[in-house]
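Residue numbers (the working numbering): 18 to 309.
Everything below concerns the one structure shown next.
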Ligand SMILES: C[S@@+](CC[C@H](N)C(=O)[O-])C[C@H]1O[C@@H](n2cnc3c(N)ncnc32)[C@H](O)[C@@H]1O
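Below, the structure written as structure tokens:
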């Protein structure tokens, strides 16, 4: 007798619970629905339907990976971000729901600039899957984006994600160490750089430290290396009425603001993430500072 969807879902939940996975019930639903390409609601409405032996074997293999603390979306190979389906690869960070805060903060600026100038040029430094830049391009039709990264694997994945989401015509990539290889000025400079202090990385949960790439996490001794590099070059690449959006760690608002103020920027506002932590800072040129 083949398994039913109900039985397989319960077996998955119990196996994950036994492996100490706190979100066992939720993960079981996402894994099973993702692997069978079913909507979450179908798990309820189609619970009595049989699952083929082949699909049951695929699910059981995936459950063992989750039991060993591989994140659900790494196993599925893709995740949703701001309504886009993004493929993940070895050297890309899994985009986080908190980063959607950045997209929401920057959409009004991109629209304002596109309305005024007829277009809006965006550069996303450390683009990873392309998440931030592609979500902005999806929301603002007159915007064009450049995604940069130090990782060739990430750039290839970002290009593939642009193609999958019908945004390839307005998205380009460039391998660059922050702004080193970037030419010209942009209306929006955005980055979610690595910002975790090196000595904290061994204490992160296994889902993060063993599965997100180190280059996407490690911000150096004080977590601020990338902000220093970006702050020192950003003035040469920002249009006069442009903005810079930066994702930060929950305790980095003061330090990152001081760094950017020292380079002639002024903080327009800070936004909190879904958990109430400071997560996004938006800067503009300080009108009183000399232009570079
Ligand atoms: C925290 S991840 C953010 C990825 C993506 N923007 C997002 O929000 O999901 C940081 C990204 O910065 C890239 N990166 C690390 N060092 C870099 C460098 N020196 N220059 C450019 N990008 C770098 C990593 O490869 C990674 O893709």
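Built from N, CA and C at the ideal position, the CB exists for glycine as well.
query	result
To which residues does DSSP link residue 286 through a beta bridge?	299
Report yes if the C-beta distance between residue 235 and residue 215 is below 7 Å; otherwise report no.	yes
Would residue 210 and residue 143 be called neighbours here (beta carbons separated by less than 7 Å)?	yes
For the structure I just gave you, are there three or more beta carbon pairs, one from the stretch 172-184 and one from the stretch 147-155, closer than 8 Å?	yes
Report yes or no: do three or more beta-carbon pairs, one from the stretch 243-260 and one from the stretch 193-207, lie closer than 8 Å?	yes
Taking one C-beta from the stretch 114-132 and one from the stretch 61-68 each time, how about it: are there three or more such pairs within less than 8 Å?	no
Kindly indicate the opening and closing residues of the alpha helix (DSSP H) around residue 277.	270-278
Work out the CA separation of residue 294 and residue 195 for me, nearest whole Å.	26 Å
If you reduce the DSSP assignment to three classes, tell me which class residue 265 lands in.	coil
For the beta strand (DSSP E) containing residue 164, name the first residue and the last one.	160-166
Decide if the stretch 30-41 is in contact with the stretch 84-96; the criterion is three or more beta carbon pairs, one per stretch, under 8 Å apart.	yes
Does DSSP put residue 144 in a helix, in a strand, or in coil?	coil
Near residue 237, what residues of its chain come up, given a Cβ to Cβ distance below 7 Å and the 5 sequence neighbours on each side ignored?	215
Alpha carbons only, please: which of 292, 233, 302, 280 is nearest the one belonging to residue 245?	280
Considering just the uninterrupted stretch of the beta strand (DSSP E) at residue 96, what are its terminal residues?	95-98
I'd like to check one pair, residue 250 with residue 118: are the Cβ atoms closer than 7 Å?	no
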